[in-house]
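Participant: Here you go, one structure.
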Amino acid sequence: MDTNEVRLQECFSKVFPEIGPEAIRNSSIDTIPAWDSVASVTLLMLVQEEFGVVPDMDRFEEFTSFRGLLDYIRETSPNA
Amino acid sequence: MTRNNMLTNRPREHLKLSEALSLARAPEGAPPASRSVWLVCGFTPLHLVTYLQAHGRRRFGEPVHVLTGVFGDLPGNLERAAAEPANATAVVLEWPDLDPRLGLRHAAGWTTAVSTDIEAEVRKQLDRLRSLLDHVAQRSPVALCGPTLPLPPIGHTGLAQDSPFELRLRAAVQSFLADAAEIRGVRLLSAEHLAAESLAAQRLDVRMTLATGFPYTLAHGDVLAALLIELLFPCSPKKALITDLDDTLWHGILGEIGVQRIAWDLENHAQHHGLYQQFLAALASRGVLLGIASKNEPDLVREALARRDLLVTASSLFPIEVNWGPKSASVARILKAWNIGPADVVFVDDSPMETAEVSAAFPEMTCLTFPRRDPDKLIDLLCQLRGLFGRQEILEEDRLRTASLRASEHFEVERKSTSEEDFLAQLGAVITVEFAKKPSDPRPLELVNKTNQFNLNGRRFTEGEWMAHLANPDSFVAVVSYEDKFGPLGRIAVITGLNGADAPRVVSWVMSCRAFSRRIEHHTLDRVFAALGASRLDFDYRPTERNWPLREFFSRFFEPLPSEGALCLTKAAFEERFPQLPHAIKEIFDGHERSSTPGVLLEGVP
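Protein sequence lines, in the order shown, are assigned to chains A and B.
Quick note, the first sequence lines up with residues 1 to 80 if you use this note's numbering.
Quick note, the second sequence lines up with residues 81 to 686 if you use this note's numbering.
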């Protein structure tokens, strides 16, 4: 697990404190009932704050899972 | 990013969203939040809720429960807040709330042709909001924030020029805000203070506005939430200021250059000392106590303070401690004369060494250095003092305070020269007990929240809790005023509680320390027993670090005094130990006065 994954996991923990680390790494919008639109926006703001990346809303489908977001961060973040 | 916090004069660190989320979350197993805030806005409240919760946690040590309404319906949300009031209400108004065409999420036209219609709609909406605010403010304190975001580029002029249309819109809003500020319970967020902490150009997040309806950058949401919490739950204002003289109240060392050469004016390059004096005079006029602690020759100081061009009147300076001993010893004597704690006092001196010495002796005191060599920093100091002493209203009691403290010196001299009974008999004292529940009167809550010594239990109320308490049909409130030959003390005691099935229960009872040694507390209980027709009173008693005067009073009726909990005092037990009291009593029930002459009233007292 690289540092980006750990940092992203921290972001997820802030939004979904009741979900364990393992479940977070395998999570998607379908596996976490609390992952609603407010959670999505909060998550994206945390990603922006943590990695300095402004999520491109045209690629929103990629932001509906932990893995998708991690790949996006690795591809675009200057701080990744 | 950091911005200067004018109250503490320290940069306010931006709270990151991740930190705010951690703060906003209640610890596992924590009880539900005891304080609630209605956030009334027309946009998606999103992160502003998180920041309000986080700053509430910082203020109280526990998160604040935030209620929100419906998107795009600020007036409806105000109605909801009035129907189900919280402890406090934050109203955040932005341009789209006045007409959606002034927002970015509507595209209904910005042509010149619609401007008249927009203007009319804005005025109509402001009228509606004015009456709704009135309604909400009767149920809870309201913090109101005018538009913090810019108008869209709707004017026909170039960027550097305001259009008449934009100016009329802003004027309409300013007029509305000025009206709203007159509503009791409504406090306006200062646009100037907000601008010092959140730059106008860095507030709007267009992407978020379009994607989610939340219009603010995180930094702006953070600052706005912090200021709203400050407005809704203000810290108690400081009560007194102790100032140094040389190179602080005036320019120059009195002992070296003499009375005529000390200065505080432009011609002598000492205007910043004059501004400081002028500021102190304003504080004194609002009831702030001013004392002097100076290492100097007493005779010289007496002469200097008699100069007629002094901008702060010498009569407003009391006590004046002038000697060559440590400043902390002078400060201790001043605190004793005032009978207030160090946490309520600000100390100002040009010498960092002196402020450090006083600060070490009184860690709870706010000690500030006067910038004698740097007039640029004077405004920072004055703004900081304004923040520390700022209060909602100036009451009659504030104006009486300094005079009554001076009179207390003579009071004590006379008291010690004769027996207590004889002394009380010749005071010509009149005690007025008013039974009334007035949500518009700030004095009872002020007394409850700032009195430490004669205090039943140390309980504090937020304004919202107090308003809810008064609205309870079972509650009672008695406010006590006092006057004698030494002058009026004003309203100096409050007792309040709830009528219960068995007996009335007193939940708070406080009396100002200025009113000690007059047996006012005996009359207060006597009148409460009589007015409520009670044969017993229960008290929510709790000892605190500082409520020894209350404990001393109770120890006459309870032996031994329990460590904590409900105390029951029967009327019979109270009357058995009721001393001879030579006061005249007036009672006021809901505005109607009636004189009361208990059996203990002596002849000849008015």
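Built from N, CA and C at the ideal position, the CB exists for glycine as well.
Let me check understanding here. Comparing Cα to Cα, which of 383(B), 608(B), 96(B) and 124(B) lies closest to residue 51(A)?
Facilitator: Among 383(B), 608(B), 96(B) and 124(B), the Cα nearest to that of residue 51(A) is on 96(B).
Participant: Give me the chain A residues within the contact set of residue 291(B), using Cβ-Cβ distance strictly less than 8 Å, ordered along the chain.
Facilitator: Those are 41 and 57, listed as they occur along chain A.
Participant: Can you tell me the Cβ-Cβ gap for residue 568(B) and residue 612(B), rounded? I've got them flagged as a contact below 8 Å.
Facilitator: No, residue 568(B) and residue 612(B) are not in contact; Cβ-Cβ is about 27 Å, not under 8 Å.
Participant: For a cutoff of 8 Å on Cβ pairs, would you count residue 298(B) as touching chain A?
Facilitator: Chain A contact via Cβ: present.
Participant: Can you have a look at residue 470(B) and say buried or exposed, based on whether 16 or more other CB atoms are within 10 angstroms of its CB?
Facilitator: Residue 470(B) comes out exposed.
Participant: If we count the other Cβ atoms within 10 Å of its Cβ and call it buried at 16 or more, is residue 580(B) buried or exposed?
Facilitator: That one is exposed.
Participant: Taking all protein chains shown into account, do 16 or more other C-beta atoms lie within 10 angstroms of the C-beta of residue 47(B), making it buried, or fewer, making it exposed?
Facilitator: Look at the range of chain B in this structure, 81 to 686, and you will see that residue 47(B) is not part of it.
Participant: Mind checking the segment 125-146 of chain B against chain A and listing, in chain order, the residues whose C-beta falls within less than 9 Å of any C-beta there?
Facilitator: Residues passing the 9 Å Cβ filter: 126, 127 and 130.
Participant: Kindly indicate which residue of 447(B), 536(B), 180(B) and 281(B) has the alpha-carbon position closest to the one of residue 628(B).
Facilitator: The candidate whose alpha carbon is nearest that of residue 628(B) is 536(B).
Participant: What residues of chain A sit near residue 481(B), judged by a beta carbon separation below 9 Å?
Facilitator: Result: empty, since nearest Cβ-Cβ is about 49 Å, beyond 9 Å.
Participant: Distance cutoff 8 Å, beta carbons only. Does residue 431(B) sit that close to anything in chain A?
Facilitator: No, residue 431(B) does not count as interfacial toward chain A.
Participant: So is residue 318(B) in contact with chain A if we call contact Cβ pairs under 8 Å?
Facilitator: Output row for residue 318(B): interface = no.
Participant: Quick one: measure Cβ to Cβ for residue 558(B) and residue 513(B), integer angstroms, because I've assumed they're closer than 8 Å.
Facilitator: Indeed they touch by this definition, with Cβ atoms about 5 Å apart.
Participant: Going by alpha carbons, who is nearest to residue 601(B) out of 422(B), 560(B) and 577(B)?
Facilitator: Comparing Cα-Cα distances from residue 601(B) to each of 422(B), 560(B) and 577(B), the minimum goes to 560(B).
Participant: Could you tell me whether the segment 192-212 of chain B touches the segment 264-276 of chain B, where touching means 3 or more Cβ pairs closer than 8 Å?
Facilitator: Because the criterion of three Cβ pairs below 8 Å is not met, the segment 192-212 of chain B and the segment 264-276 of chain B do not touch.
Participant: Could you compute how far the alpha carbon of residue 555(B) sits from the alpha carbon of residue 637(B)?
Facilitator: Looking at the two C-alpha atoms, the distance is approximately 25 Å.
Participant: Excluding the 5 residues flanking residue 246(B) on each side, which residues of the same chain have their C-beta closer than 8 Å to its C-beta?
Facilitator: Contacts found: 231, 234 and 235.
Participant: What whole-angstrom Cβ distance do residue 426(B) and residue 664(B) have, given they're in contact under 8 Å?
Facilitator: Actually they do not touch by this definition, with Cβ atoms about 39 Å apart.
Participant: Indicate whether residue 368(B) and residue 408(B) have their beta-carbon atoms separated by less than 8 Å.
Facilitator: No. Outside cutoff.
Participant: Using only the alpha-carbon positions, how far apart do residue 624(B) and residue 123(B) sit?
Facilitator: About 45 Å.
Participant: Let me check understanding here. Comparing Cα to Cα, which of 208(B), 657(B), 641(B) and 606(B) lies closest to residue 667(B)?
Facilitator: Checked all of 208(B), 657(B), 641(B) and 606(B); the closest Cα to residue 667(B) is 606(B).
Participant: Am I right that residue 696(B) and residue 302(B) are in contact with their C-beta atoms under 8 Å? What's the rounded C-beta distance?
Facilitator: There is no way to answer for residue 696(B), as the model of chain B reaches only from 81 to 686.
Participant: From residue 721(B) to residue 224(B), what distance separates their C-alpha atoms?
Facilitator: Limits of chain B in this structure are 81 at one end and 686 at the other, which puts residue 721(B) out of reach.
Participant: May I have the straight-line CA-CA distance separating residue 541(B) from residue 209(B), to the nearest angstrom?
Facilitator: About 28 Å.
Participant: Please list the residues of the segment 92-109 of chain B that have a C-beta atom closer than 8 Å to any C-beta atom in chain A, keeping them in chain order.
Facilitator: Listed by position along the chain: 96, 97, 98, 101, 102 and 105.
Participant: List, from N- to C-terminal side, the beta strand (DSSP E) runs of 3 residues or more that fit wholly inside the segment 118-174 of chain B.
Facilitator: Runs of the beta strand (DSSP E) inside the segment 118-174 of chain B: 145-148 and 168-172.
Participant: Just list the residues that DSSP pairs residue 650(B) with in beta bridges.
Facilitator: Beta-bridge pairing links residue 650(B) to 616(B).
Participant: Establish whether the CB of residue 17(A) and some CB of chain B are separated by less than 8 Å.
Facilitator: Taking Cβ atoms only, chain B reaches closer than 8 Å to residue 17(A), which makes this a yes.
Participant: Please list the partners that residue 49(A) has in chain B, where partner means a Cβ-to-Cβ separation under 9 Å.
Facilitator: Within chain B, the residues near residue 49(A) are 96, 97, 98 and 298.
Participant: Grab me the residues of residue 316(B)'s own chain with a C-beta within less than 6 Å of its C-beta, minus the 5 sequence neighbours each way, in chain order.
Facilitator: Excluding sequence neighbours, residue 316(B) sits near 530.
Participant: By the criterion of Cβ-Cβ separation under 9 Å, what are the contact partners of residue 6(A) in chain C?
Facilitator: Structure shown: chain C not included; protein chains present are A and B.
Participant: Indicate whether the contact test is met: 3 or more Cβ pairs, each with one atom in the segment 284-304 of chain B and one in the segment 341-355 of chain B, closer than 8 Å.
Facilitator: The answer is no - the segment 341-355 of chain B does not touch the segment 284-304 of chain B, with fewer than three Cβ pairs under 8 Å.
Participant: What did DSSP end up calling residue 427(B) once you bin it into helix, strand or coil?
Facilitator: Residue 427(B) falls in the strand class under three-state DSSP.
Participant: Under the DSSP definition of a beta bridge, which residues are partnered with residue 331(B)?
Facilitator: For residue 331(B), which the question treats as bridged, DSSP gives the partners 343(B).
Participant: Helix, strand or coil: which one does DSSP assign to residue 546(B)?
Facilitator: Three-state result, residue 546(B): helix.
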